[in-house]
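**Q**
Numbering (the UniProt record's numbering), first residue to last: 1 to 403.
#1: Within the continuous alpha helix (DSSP H) that includes residue 196, where are the two ends?
#2: Buried or exposed: residue 23, going by 16 or more other Cβ atoms within 10 Å of its Cβ?
#3: Under the DSSP definition of a beta bridge, which residues are partnered with residue 301?
#4: Could you check where the alpha helix (DSSP H) with residue 103 kicks off and where it finishes?
#5: Would you grab the beta carbon distance between residue 140 and residue 95 for me? Rounded to a whole angstrom, and I think it's under 8 Å.
#6: In the structure shown, what three-state DSSP assignment does residue 352 receive?
#7: Determine the direct distance from the alpha carbon of residue 147 to that of residue 407, and round the result to whole angstroms.
#8: What residues are listed by DSSP as bridge partners for residue 342?
#9: Among the residues of its own chain, which have a CB less than 6 Å from the CB of residue 126, if the five just before and after it don't count?
#10: So, are the CB atoms of residue 284 and residue 260 less than 8 Å apart?
#11: For residue 137, which residues from the same chain have a beta carbon less than 7 Å from its beta carbon, with the 5 sequence-adjacent residues on both sides left out?
#12: Tell me the rounded alpha-carbon separation between residue 208 and residue 10.
#13: Going by the beta-carbon positions, is the gap between residue 282 and residue 271 smaller than 8 Å?
#14: Just tell me which of 204, 329, 342, 359 has its CA closest to the CA of residue 348.
#15: Going straight from the alpha carbon of residue 434 to that of residue 251, what length do you get?
#16: Assign residue 396 to one of two classes, buried (16 or more other C-beta atoms within 10 Å of its C-beta) or exposed (fewer than that).
#17: Tell me which residue opens and which closes the alpha helix (DSSP H) that residue 229 is part of.
#18: Are there 16 or more other CB atoms within 10 angstroms of the CB of residue 387, so buried, or fewer, so exposed?
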């Protein structure tokens, strides 16, 4: 129970409390004002009755000496003096002593005196005293009425000030608890719709707006992380596709170059340069055996030397930075089911590894180099056979001519 009592109110409960407080202030003001106005109304009736007493007193004085036909005037005067309105007003305005004194004076002195009086002069002084008592009672009622009216005015002013303060508090509360958090949440929602996940809602407290702001902050953070992961994956996929496209383009160009009619050095060296640019391999070198003799071979690398300059070949890059000495030497045999044509050598830096795509690239290039060397070896043998046949033909012709 205590925990629920000290738990912060929700926004709905706070708003309901403000409305309830405004209602209580309004109802209390109207109730108090109604009570005071009712008292003022009772005093007004009493003042009217007192005024009628004054008039009836002078009418009785004018009727002196009284006869039996004037008994009705005395009864009306007595009824007015003891009227419920005067008694209620006197009791409500704390004027009971004055009213009782007035009633006793009428009942014990003035009424019997007016019955006995034979002329007006004998009771004129008593009537004047009675009227003076009536005026004092009316003055007391009038003063009490004025006080009540002042109280009504002050209560209305206090209620107006209270309502104004409550209105100011409500405006400040609405701006602090609803308007500003609502603007933050809307701004954050617009930022999220623009894929801007950097904004955060700064809403204090433990109400609904703070809970909603915390939920939006968590959602924005999770969305930012998801977008970051997706962007990273897209970049990785894009980079992989670009690398595969470069590999396919390189293999296509390498195949065209290797099957061209250019010298072997001009065909192999640019391919090795391209391979070095697409992989982590360094110091790439191709050794082509002479008739499967590993001791006698030709070396083709992606570095130029003096002989290249003498021949006017500038296919390989110059002035390359020195490479680190540490690394692993990798070898790929250039051979098929029948012959061994050479070997591909390369250095892989320490701690580095070839990716799957790079390994496939090297394997495919090795197959292309092997096919190129096999085709060159086959063409070379065909040329040798043609030369041998020509020599045999020339020898037969010489032998026949000599014979």
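Beta carbons are placed, not taken as given, at the ideal position from N, Cα and C, and that holds for glycine. For clarity, every value in this text was computed on a predicted model and none was experimentally measured.
**A** Well, looking at it:
#1: Sequence index remark: in the chain shown, residue 196 carries index 196 (1-based). Where residue 196 is concerned, there is no enclosing alpha helix (DSSP H), given that its DSSP letter is neither H nor E.
#2: As a position in the chain shown, residue 23 is number 23, starting the count at 1. Flag for residue 23 reads exposed.
#3: Translated into positions along the chain shown, residue 301 becomes position 301. BP columns for residue 301 point to 285.
#4: Position 103 of the chain shown, counting from 1, holds the residue named residue 103. Run containing residue 103: 96 to 104, per the alpha helix (DSSP H) assignment.
#5: Translated into positions along the chain shown, residue 140 becomes position 140. Translated into positions along the chain shown, residue 95 becomes position 95. Residue 140 to residue 95, Cβ: 5 Å. Contact.
#6: Here the question's residue 352 lines up with position 352 in the chain shown. Reduced to three states, the DSSP call for residue 352 is coil.
#7: No answer is possible for residue 407: the residues shown for the chain start at 1 and end at 403.
#8: On the chain shown, position 342 is the one that residue 342 refers to. Beta-bridge pairing links residue 342 to 288, 334.
#9: Along the chain shown, one-based indexing puts residue 126 at 126. The answer, listed in chain order, is 110, 113.
#10: Reading the chain shown from its first residue, position 284 is the one you call residue 284. Reading the chain shown from its first residue, position 260 is the one you call residue 260. No, the Cβ-Cβ distance between residue 284 and residue 260 is not below 8 Å.
#11: The residue given as residue 137 occupies position 137 in the chain shown. Around residue 137: 50, 95, 98, 99, 102.
#12: The count along the chain shown starts at 1 and reaches residue 208 at position 208. The count along the chain shown starts at 1 and reaches residue 10 at position 10. Roughly 7 Å separates the two Cα atoms.
#13: The count along the chain shown starts at 1 and reaches residue 282 at position 282. The count along the chain shown starts at 1 and reaches residue 271 at position 271. Contact flag unset, no.
#14: Mapped onto the chain shown, residue 348 falls at position 348. The option with the nearest alpha carbon to residue 348 is 329.
#15: Since the displayed the chain opens at 1 and closes at 403, residue 434 lies outside it and no answer follows.
#16: Within the chain shown, the letter at position 396 stands for residue 396. That one is exposed.
#17: Here residue 229 corresponds to residue number 229 of the chain shown, with the count starting at 1. Element bounds for residue 229: 208 to 258.
#18: Here residue 387 refers to the residue found at position 387 when the chain shown is read from its first residue. Residue 387 is exposed by the Cβ-count criterion.
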